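Residue numbers for the sequence shown follow the working numbering, beginning at 3 and rising by one. Heads up, the beta-carbon is just placed ideally off N, CA and C, and yes, glycines get one too. The structure presented is a predicted model; accordingly, all values stated were derived computationally and were not measured. Have a look at the structure below, then the notes.
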Amino acid sequence: QLLMDRLPEEHKAKWFSGSALTAAEQSMASVMSTVLSRLNTFLDSELEQVLCFDSAMDAESFAAKKSANFLILPEEDATKNFMAGLMIQTLSRELFSVADEHDGKLPNRVVFFCDELGTMPAFDILPLFSAGRSRRLTLVPIIQSLAQLEKNYGKEGAEILTDNCQDTIFGGFAPNSQTAEVLSKALGSRTVMSGSISRGKNDTSQSLQMIERPLMTPDELKSIPKGHFVVMKTGAHPMQTRLRLFLEWGITFGEPYQVPQRAARKVYYASKAELTNAIYRTFPLRTGTVNYHTGKEQK
3 QLLMDRLPEE
13 HKAKWFSGSA
23 LTAAEQSMAS
33 VMSTVLSRLN
43 TFLDSELEQV
53 LCFDSAMDAE
63 SFAAKKSANF
73 LILPEEDATK
83 NFMAGLMIQT
93 LSRELFSVAD
103 EHDGKLPNRV
113 VFFCDELGTM
123 PAFDILPLFS
133 AGRSRRLTLV
143 PIIQSLAQLE
153 KNYGKEGAEI
163 LTDNCQDTIF
173 GGFAPNSQTA
183 EVLSKALGSR
193 TVMSGSISRG
203 KNDTSQSLQM
213 IERPLMTPDE
223 LKSIPKGHFV
233 VMKTGAHPMQ
243 TRLRLFLEWG
253 ITFGEPYQVP
263 QRAARKVYYA
273 SKAELTNAIY
283 RTFPLRTGTV
293 NYHTGKEQK
């Protein structure tokens, strides 16, 4: 509290602190406990090397030329998954600024392929759909189940995400998949002719009628062969097609990419006393305020 009093009213730290500084002691303890639990995630030697030094990627140069960046997270350690959302958010905001400098559109289209989005912790993804489309920035979420979105973003959030997807490609359902039932309903229905024949001892009767049935039932979706998918696109009828693997197009790789090995750079942490003294030097006591060290009013 004493340090925050030294900061000017327009300082961002005061903005972010909000009403926590004036809250009751028990509420303040709860806030501090939550903050520390979130910050403890960053106490990692590998994350230090990423966060404490300048990045080699620049949003302006990234958007100006053809390039591809890969963000790979360890599958065996889910504690670092939040970094993917953090990096996507940070890069997208920088790209929004670049687009605003170029009449509201990026020089080249940028596409985020978010594989296994359902396993990532929730982050503020909605602006990427609403604000990104007009700026030539596209997000391609790749999930295993619609239930993953509902778990992370809630029912309303999951509906907003799915409603903002202009193209939907799906296939390879598990036998017990509930997502197949949802997508079967989304495909709509068609009218088919149905009939019945009854045979009696002396005559045979036949009746025909038109009935409505799903375009593809959940069972039919689950039995789609491997490599075949259903494509739904805004303004067009859905279709079933085979999507060939990239190897069948003659796309090959050269030598495998080797991650450059770098020695761990030293990370310096400032002590509490150093931070306090730095604040005192940058923001000296204003006239009419009380010096908490001496208890006297500053002249």
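Under the DSSP assignment, Asp117 falls in the beta strand (DSSP E) whose first and last residues are 112-117. In the three-state DSSP reduction, Leu108 falls in the coil class, being neither helix nor strand. In the structure shown, the three-state DSSP call for Ile144 is strand. By the criterion of a C-beta distance shorter than 7 Å, Leu93 is surrounded in its chain by Ala61, once the five residues flanking it on both sides are discounted. Judged by their CB atoms, Leu75 and Cys116 are not nearer to each other than the 8 Å cut-off. Annotated three-state conformation of Glu183 is helix, per DSSP.
In terms of Cβ geometry, Arg244 and Gly229 form a close pair [threshold 8 Å].
For Ala124 and Ala133, the gap between their C-alpha atoms comes out near 18 Å. Contact between Leu73 and Met59 does not hold, since the beta-carbon distance rounds to 10 Å and is not under 8 Å.
According to the DSSP secondary-structure assignment, Val232 is paired through a beta bridge with Phe172, Gln242. A Cβ-Cβ distance of about 11 Å is found for the pair Met34 and Leu23, leaving them out of contact under the 8 Å criterion. Measuring C-alpha to C-alpha distances from Leu151 to each of Thr121, Leu45, Gln180 identifies Thr121 as the nearest. Per the coordinates, the alpha-carbon of Asp105 lies some 17 Å from the alpha-carbon of Ser63. Gly87: member of the alpha helix (DSSP H) spanning 84-102, first to last residue. Between the alpha carbons of Asn154 and Leu163 lies a distance of about 11 Å. Counted as a single uninterrupted DSSP element, the beta strand (DSSP E) harbouring Ile199 occupies residues 191-201. Residue pairing by DSSP places Ile213 opposite Val194 in a beta bridge. As far as DSSP is concerned, Thr254 takes part in no beta bridge.
For the region 19-63, the full-length alpha helix (DSSP H) segments reaching 4 residues or more read 27-41, 47-53 along the chain. Under the criterion of beta carbons closer than 8 Å, Thr193 and Glu222 do not qualify as touching, at roughly 17 Å.
For Arg283, the enclosing alpha helix (DSSP H) stretches over residues 274-284. Fewer than three beta-carbon pairs drawn from the region 199-212 and the region 164-182 are found closer than 8 Å, and the two stretches are therefore not classed as touching. Glu118 and Glu11 have their C-alpha atoms spaced approximately 42 Å apart.
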